[in-house]
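Here's what the structure looks like:
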């Protein structure tokens, strides 16, 4: 099983607070049948922090014999002001799609308007990116 929405990278967003916590989260995921996990942190952090923490976690997973393969990815919190320069961010590597595919994990924030949803959809289409939504609000 593949978990595409994890927030397991330590100290990046509102997810894991430490490498130890990340390893505990991955061990719980393993017990539930997860073999692959996308490190889908929110996209508001610094790229350097993401890269460093991804490498650190990947090394810790190997050292602790946790049989889960990690992939890069971001969760894009969608509102018009947060999707500015989407194509540029994807091209320069400051925003990750799900495991390098043409899919991105998106979250439409509760206050987003219909006009902003349409803007986001158009920007994703221009970038030739398919959206995988999460946190559905009804």
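In this note's numbering, the protein residues as written are 206 to 343. Each residue gets a CB set at the ideal place from its N, CA and C atoms; glycine is no exception. Everything numeric in this text was worked out from a predicted model, so none of it was measured.
Annotation: residue 301 is outside any beta strand (DSSP E) and is labelled neither H nor E by DSSP. When the five nearest sequence neighbours on each side are left out, the beta carbons in the same chain lying within less than 8 Å of the beta carbon of residue 273 are those of 231, 234, 235, 239, 240, 241, 242, 266, in order along the chain. In the three-state reduction of the DSSP assignment, residue 320 falls in the helix class.
Inclusion of residue 260 and residue 217 in the CB contact set at 9 Å is not warranted, their separation being larger than that value.
Contact between residue 295 and residue 210 is ruled out by a C-beta separation of about 19 Å, above the 8 Å threshold. By the neighbour-count criterion, in which 16 or more other beta carbons inside 10 Å mark a residue as buried, residue 278 falls on the buried side.
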